[in-house]
Structure formats: C-alpha cells, structure tokens
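If you're matching them up, the sequences are chains A and B in order.
Heads up: the first sequence begins at 1 in this note's numbering, then just goes up one per residue.
Heads up: the second sequence begins at 1 in this note's numbering, then just goes up one per residue.
Written below as structure tokens is the structure these notes are about.
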Amino acid sequence: MAERDDEELSNRYRALGREEPSAELDAKIIAASRRAAASRPRPGRWMLPLSLAAVIVLSVAVTLQMQHEPAAPEAPAAARPAAPAENAAQSVASPAPEQQGPAAAVPVPGPAAVMGRPSREAADRERFERAAPAAAEERARQLSAEESPQRWLEQIAELRREGRDDEADRRLAEFRRRYPAYRIPEATLERVERR
Amino acid sequence: MGATDEQLMLAYAAGDAAAFETLYARHKGGLYRFVLRGIKERGIAEELFQEIWMRVIESRARYAPQARFATWLYTIAHHRMVDHWRKRGIVAVPLEPDDPDDPAPNEPTADGAREPQRQAETNEQLARLERALQALPPPQREAFLLREEGGLSLAEIASTTGSNEEAVKSRLRYAVAKLRGALDG
C-alpha cells in the first residue's frame, strides 16, 4: 500500500517536469572535461621527482653493495686452486649422468674422461665436493689467525713441527710485515724460527 | 551492455575524454533537477551545477570506486548545496512562482485542451506538489530528491549526506507525508 503510494508520488513528482541543463551549459562542461583530459597534468607533476628519487636510491644501494663486495669473492678464490689441483692430479672423469647440477659442471673433463669407471667417478666427485669446504676451512683458519697474532704464531710453530719450513718462513715473514712492532716472546721465537 | 559509471570515470581519469561525455549524459538531468529543485533560483542552480561537474573533473585522479559513482557525485553536490545554504542560513527555500521560461510537459497544449477540466485539476495538483516540495525543510527535500533524481538507496543517501539510515528514513517519511498531503489537497 505504502509502496503503491510512493510510486504514485514518484509519478506525480516526475510530472513536475524533466528539466535538463541548457546546451550552452553542456558545452561549457564538456569543453572543460576535454581540456583536462588533454592536459593530464597530474602524473607529470610527480613523475620527474619520482624518477630522480629512484636513481638516488639505486646509486646509494649500488655503492653500499660495492663497499661490502671485497669480502665475498675471496672464499671462492681460495677454493678454486684447491679443487682443480686435485682434479688435475686425478684426471677427472666425465660427469656421470646424475651429475647435471652446476657443481658437476665445474670440473672440466680431461682426455681420460671417456675411460672413467663409475667407482672412480664417485670417488672423484666426493673429493671435489669435499675440496670446496676444505678450502673454506683453510681460509677461515687464516682469517682467525690474522685476527690474533698469537694464533698466527701458533700456526707457524705447527708448520715448523711438521717440517714445512719453507711455508713457515714465508708466513713468519708475512707476520713480521703485518706486525712490525710485535715483540715475539723468546719461548715462542724458538718454536717459530728455523733452526 | 555499456560500461558502468565507475568504469567510465576510471577511463576518464586515464585520459579518455569520451568516457566523461557518456557519464555526463547519464547523470546531467538528474543532477540538474536535484540542484534546481533544491535551490530554485535558476541562475544560482546552474552555477552550482557547473561547479559540481568541475569538481568531478578536478578530482578525477583521486577517484576510487569504493562506492557507486552516483553516490560520489551526489556527495559532491550535497557539499556544494550545504555551502550554499550555510551562506543563506539553513531555512526553507522561499516559495517562488513558476519560472515562465521553464516549459513543463504537462502545461496545457493544443492536445491537452481536449480535457480542459481534468488538465486544470492536474495542473493545480502539480502546482500544490511543487509548492509543498519547496516548503520542505532542506534536509527532507534533499533526501526526497536524492531518492527520486539520484536513484540512491537509504544507505547511499545516509552516506551522501553524512547521516545515518534511521535519520534518512525519518526525513523521507515526513517528506512523503507532506507531499502526499499536498496532492490530496
């Protein structure tokens, strides 16, 4: 009932007239809308500052990255000589079918590769896989030795005990270059110097 | 099936001028009558109508279709109307005689002259309705016009006018009762 009354009222209301804006008013508004669409100033206003900000952020990021860079390549560099040395000595076999990953692709197959037997392949692979962590350990030892002169000297004494005098000499010379003012205690000196 | 109002507004914001023209054609009549019947002074109503569309054009980049385009459009219109009322003090718009330059389809014509008495009664009834509409307090008139011209729901009228549904329902109830009373004579 109320809905029918509302509908009746709506019909009467519509009968009051369906006035529309004049053609002149339409033209004014449409012209303004076209001018705005053609100019599209908004994106342009912030595009330039945004691009500049992006360039600055990128530059800072790259600079920071480069400052931290030197530490990273040393580990692979230390690992590199160890692995090929062993591989060359053992005349690495060709990669087995299951060795499709990047690690397997590193050892370059030598002329003897085609003669490789599965057992040797497995042994070589194991050795190769162990080589990188071993090199990393060696590098870690060097780093820790460099941090502490005493530990460095202990390592030299160790080399001396093992009879690796040339290496001990070289490392002792390196130590003295690095710590020219360091006074090696008498007892230690006996253990690190060549007799 | 044409694009929705919201799609058209987004297309216009992206630079498609034709999208605005479609949108304008859809809403210009309802919005014009909403403003005209709320203000009743044609010159001022046209000025406000133009300002509302200019605001739509200027705000195109900030438009986000969280609600119907019509709700957004009439919210802009509501704010412009409130500014106008505030300048004049919030009172019922004074009654004015019909604009002689405003041709209404139900005015007596050569065809309408066939039933002169009935037509005269209808005209009288419509004149009473129009006077009653103008005599409504602005919030009641606005709620009624938003429903009739904007096609807005109770919730949308509440959102447009910054009110709540209960208040809108009450305004509509009063408005309808008074207008119906005017029709009954």
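The beta carbon of each residue, even a glycine, is placed where N, CA and C say it ideally should be.
Quick caveat: nothing in here was measured; it's all calculated off a predicted structure.
Close CB contacts of ALA70 (chain B) within its chain, under the 6 angstroms cut and outside five residues either way in sequence, are with GLY150 (chain order).
The DSSP-derived three-state label of GLY162 (chain B) is coil. Of the candidates B:VAL56, B:GLU130 and B:PHE49, B:VAL56 places its Cα closest to the Cα of GLU6 (chain B). In this chain, the alpha helix (DSSP H) harbouring GLY30 (chain B) covers 17-39.
Contact of ILE57 (chain B) with chain A by beta-carbon distance below 7 angstroms involves ALA32, SER33 and ALA36. In the same chain as PHE49 (chain B), and ignoring 5 residues on each side of it, the C-beta atoms closer than 6 angstroms to its own belong to TYR32 and VAL35, in chain order. Taking a cut-off of 8 angstroms on C-beta distances, the segment 152-162 of chain A touches the segment 178-192 of chain A, as three or more cross pairs fall below it.
The Cβ neighbour count for ARG86 (chain B), taken over all protein chains shown within 10 Å, is under 16; the residue is labelled exposed. Ranked by how close their Cα comes to the Cα of GLU24 (chain A), the residues B:GLU46, B:ALA18 and B:ALA19 have B:GLU46 in first place. Contact between the segment 127-143 of chain B and the segment 172-184 of chain B is established, with three or more Cβ pairs separated by less than 8 angstroms.
Between ALA173 (chain A) and LEU159 (chain A), the gap from beta carbon to beta carbon reaches 9 angstroms or more. For TYR12 (chain B), the enclosing alpha helix (DSSP H) covers residues 5-13.
Taking C-alpha positions only, LEU9 (chain A) is separated from SER39 (chain A) by approximately 46 angstroms.
Against chain B, a Cβ distance below 8 angstroms from GLU20 (chain A) picks out LYS28, GLY29 and TYR32. Counting of Cβ neighbours within 10 angstroms places LEU64 (chain A) among the exposed residues, the total staying below 16. Sixteen is the threshold: when 16 or more other Cβ atoms of the shown chains lie within 10 Å of the Cβ of SER159 (chain B), as they do, the residue is buried. Contacts with chain A at 9 angstroms (Cβ-Cβ) do not include TYR63 (chain B). Contact between the segment 4-23 of chain B and the segment 186-195 of chain A is absent: fewer than three C-beta pairs spanning the two stretches fall below 8 angstroms. For ALA70 (chain B), the enclosing alpha helix (DSSP H) begins and ends at 69-88. Counting only residues of its own chain and dropping the five nearest sequence neighbours on each side, LYS178 (chain B) has a CB closer than 6 angstroms to the CB of ALA132. With respect to chain B, the C-beta atom of GLU8 (chain A) has a partner C-beta closer than 9 angstroms. Comparing alpha carbon positions, the residue from B:THR122, B:MET81 and B:LEU152 closest to ILE39 (chain B) is B:MET81. ALA36 (chain A) and GLU58 (chain B) have their C-alpha atoms roughly 8 angstroms apart. Linking TYR13 (chain A) to LEU126 (chain B) through their CA atoms gives a straight-line distance of about 8 angstroms. Taking a beta-carbon distance threshold of 9 angstroms, LEU136 (chain B) does not count as an interface residue toward chain A. Under the three-state reduction of DSSP output, GLY185 (chain B) falls in the coil class, being neither helix nor strand. Per DSSP, ARG62 (chain B) lies in no alpha helix (DSSP H) and is assigned neither H nor E. Only exposed fits ALA25 (chain B), as fewer than 16 other CB atoms lie within 10 angstroms of its CB. Within the segment 128-157 of chain B, the residues whose Cβ lies closer than 7 angstroms to any Cβ of chain A are, in chain order, LEU129, GLU130 and GLU148. Taking the Cβ atoms as the reference, GLU20 (chain A) lies roughly 7 angstroms from LYS28 (chain B), within the contact range of under 8 angstroms. CA-CA distance, ARG195 (chain A) to SER59 (chain A), rounds to 56 angstroms. At least 9 angstroms separates the CB of ILE56 (chain A) from every CB of chain B. Note that the C-beta distance between ALA175 (chain B) and GLN140 (chain B) is below 9 angstroms. Across the segment 8-24 of chain B, CB contacts with chain A closer than 8 angstroms involve TYR12, GLY15, ASP16, ALA17, PHE20, GLU21 and TYR24, in sequence order along the chain.
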